[in-house]
Every structure is written in structure tokens, then in C-alpha cells.
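Position in the sequence shown counted from 1, then plus 970, gives you the numbering used here. The structure under discussion appears below in the form of C-alpha cells.
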Amino acid sequence: MILLYNVPVKRVCMRTLLVWLTLILSTIPLSVLALLTFPFDRKGNTIHRYARLWGRLILWASGTKVEVKGAENIPKGPAIIMSNHLSAFDIFVLSACLPVQFRWLAKASLFRIPFLGWAMSCAGYIPVERTNPREAQRSIQEASERIRSGTPVLIFPEGTRSRDGSLGPFKRGGFRLALKAGVPIVPVAIKGTYEIMPRGSLKISKPQRVTVLIGRPIPTEGSGPQQRDALMEEVRRAIEEGLKEAEGCHPR
971 MILLYNVPVK
981 RVCMRTLLVW
991 LTLILSTIPL
1001 SVLALLTFPF
1011 DRKGNTIHRY
1021 ARLWGRLILW
1031 ASGTKVEVKG
1041 AENIPKGPAI
1051 IMSNHLSAFD
1061 IFVLSACLPV
1071 QFRWLAKASL
1081 FRIPFLGWAM
1091 SCAGYIPVER
1101 TNPREAQRSI
1111 QEASERIRSG
1121 TPVLIFPEGT
1131 RSRDGSLGPF
1141 KRGGFRLALK
1151 AGVPIVPVAI
1161 KGTYEIMPRG
1171 SLKISKPQRV
1181 TVLIGRPIPT
1191 EGSGPQQRDA
1201 LMEEVRRAIE
1211 EGLKEAEGCH
1221 PR
């Protein structure tokens, strides 16, 4: 029998089909529900709960079990959450399992997807137009105002998914935002999602155990642009340390 990652191909195909069917059949009705809810939920809190349900449905379909460590490190009030980015599955894991209301800072192209993009807008998620510096600056301003109002924002500082499972270089935009808003950065390390669906693949491999390790907040108050590079390095070290700790939860 042909194996893929030591899993029979038939089983991989069945699981992949179940996950994609669940994704399609849940995205459309939950997005419609978000549109109907929006006039009564301008802050997007209820709509974000729909996103949490959406993420949990996908995790259930894929057989993914998630362990969250360090949830007590997320401060009450404004913050920027920064996570490494291994797979598209990171979105489902973080939506489902982070125990706080937060808003995604995401590439603008996602907001142009029918139903999904409409729901993201209703939830108060913030689009970033990477190819237009003026629009990108406006996104940072909008995110800064959102954060100051008390709602944490989640960013992938790498800006894209890892090609090989390692931690890639960081973009500067998220750190400019953190310094502008003067709020702490919460480093998050995810381990296990790359094995579920690596970049460039639509297949869902065997059920995985995913670890989400939330580090202690890194303060930015009182820091200026001249501290940006040092701040980037500090956040990077914190995520790397989290990944090493999470590695112990994933014996080979």
C-alpha cells in the first residue's frame, strides 16, 4: 500500500475531503450569519465567536488536538500578539484556541474572497495592502487605533508561511505598529501545523497534536523607532525559545 508520511493514501484522501467539505460548508453559512449579525454587533465580538466556531469545526474534521500553554500571559487590555507562521492551519488553531477576543491583521487579498472576506470585514479584521505603501500606512494607523481601544491584534511577523518549517525573517511593519501604539507584544510559538498541511499542499496528513505556547509580554512603552531592531530580535528570541520548549511536546 502506498504511504504518505507513513499514512495510507486512502486515509489521507478521505481526511482531506472531509476537511475541505467542512471548510466550504461552514464558511458560507457562518459568513452569512456574520453579515446578518453585523448591524447589531458593530464591535465584531459575536462575529469573532463565529470565527472561533469555524476554527474548531476545521480542527475537528482534521482530527487535530491542540494544547495551549501560557494563556495567563495574555494581558487584559491592548496588546499585539505575534506568532510564527507554519501553515494555513495556524489560522484555524489560533482562531479556535486563543482565549481572548482579538482581530487579525491580514493581507488585503483575503478580504476580496466572497463570503469569507465579507465576514472578515464585519468582524473588524484589518486588511494590509502590501503593494501600496500609502494603503499599508493607513492600515497601520487603523490597527493602532483599534489596539488603543482595547482590542488585541494578531500578526504573523514573517508575513508569509514558512517554506520548510523554520522561522523566517521578520517584516518591520508589525514592530512599527507596536511602537506607534505603545502596547506590549505577546510572542506565540506554534508547533505541529506544518506537518498537517505544509505550504504548497492541499492534502491533510495524519491527525496531529499541535502546541501553542504563549510567552510573557514584551513591553514597548517608552521605546522609539531607534529600538525597533532590538525589539524585533527580542521577539524573535522569545518565539525561538517557545519553539524549543514546544519541541519537547512533539517526540519524534
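Cβ atoms here follow ideal geometry from the backbone N, Cα and C, with glycine treated the same way.
{"Query": "Cross-strand partners of Val-1158 (DSSP beta bridge)", "Result": "Ser-1053 and Ile-1184"}
{"Query": "beta-carbon Thr-1163 near the ligand SAM non-hydrogen atom, thresh 7 Å", "Result": "Ligands in the displayed structure: none, and consequently the ligand SAM is not present."}
{"Query": "Stretch pair the region 1182-1196 + the region 1152-1159: three plus CB contacts closer than 8 Å", "Result": "yes"}
{"Query": "Rounded separation between Val-982 and Pro-1139 - CA only", "Result": "32 Å"}
{"Query": "C-beta atoms of Leu-1149 and Thr-1121 nearer than 8 Å", "Result": "no"}
{"Query": "Residues near Ile-1096 in its chain [Cβ-Cβ closer than 8 Å; skip 5 each side]", "Result": "Arg-1073, Trp-1074, Leu-1075, Ala-1076, Ser-1109, Glu-1112, Ala-1113, Arg-1116 and Val-1123"}
{"Query": "Contact belief for Ala-1049 with Pro-1195 at Cβ below 8 Å, rounded distance in angstroms", "Result": "That belief does not hold up - the Cβ atoms of Ala-1049 and Pro-1195 are roughly 20 Å apart, past 8 Å."}
{"Query": "Contact the region 994-1007 vs the region 1043-1058: 3+ CB pairs below 8 Å", "Result": "no"}
{"Query": "Assumed close pair Tyr-1164, Gly-1129 - CB separation to whole angstroms, cut-off 8 Å", "Result": "Contact doesn't hold; Cβ gap of about 17 Å is too wide."}
{"Query": "Alpha-carbon to alpha-carbon, Lys-1141 and Gly-1192", "Result": "22 Å"}
{"Query": "Local Cβ density within 10 Å of Trp-1024, reported as buried at 16 or more and exposed below that", "Result": "buried"}
{"Query": "Whole-Å CB distance - Pro-1154 paired with Thr-1034, under 8 Å assumed", "Result": "About 29 Å separates the two Cβ atoms, so there is no contact after all."}
{"Query": "Close-in-space but distant-in-sequence residues of the same chain around Arg-1118 (CB under 7 Å, 5 per side omitted)", "Result": "Pro-1048 and Ala-1151"}
{"Query": "Short Cβ contact (8 Å threshold) for Ser-1132 with His-1055", "Result": "yes"}
{"Query": "Pro-1168 and Ser-1091 closer than 8 Å at C-beta", "Result": "no"}
{"Query": "Alpha helix (DSSP H) segment containing Pro-1048, residue limits", "Result": "Where Pro-1048 is concerned, there is no enclosing alpha helix (DSSP H), given that its DSSP letter is neither H nor E."}
{"Query": "8 Å Cβ cutoff met for Leu-1230 and Val-1063", "Result": "A question about residue 1230 goes unanswered here, because the residues of the chain that appear run from 971 up to 1222."}
{"Query": "Within the region 980-1035, ranges of the alpha helix (DSSP H) (whole runs, at least 4 residues)", "Result": "1015-1032"}
{"Query": "Whole-angstrom distance between Arg-1104 and Ile-1083, CA atom to CA atom", "Result": "22 Å"}
{"Query": "C-beta atoms of Phe-1126 and Ser-1053 nearer than 8 Å", "Result": "yes"}
{"Query": "Lys-980 classed as buried or exposed, judged by whether at least 16 other C-beta atoms fall within 10 angstroms", "Result": "exposed"}
{"Query": "First and last residue of the uninterrupted beta strand (DSSP E) at Lys-1214", "Result": "No beta strand (DSSP E) contains Lys-1214, which is instead part of the alpha helix (DSSP H) from 1198-1217."}
{"Query": "Val-1098 - DSSP class collapsed to helix/strand/coil", "Result": "strand"}
{"Query": "Nonlocal neighbours in the same chain, by C-beta distance under 7 Å from Asn-1043, ignoring five residues either side", "Result": "Val-1156, Ile-1184, Gly-1185, Arg-1186 and Pro-1187"}
{"Query": "Neighbourhood of Val-1038 by C-beta, 6 Å cutoff - its chain only, sequence neighbours within 5 removed", "Result": "Cys-1067 and Val-1182"}
{"Query": "C-alpha gap between Arg-1179 and Ala-1216, whole angstroms", "Result": "11 Å"}
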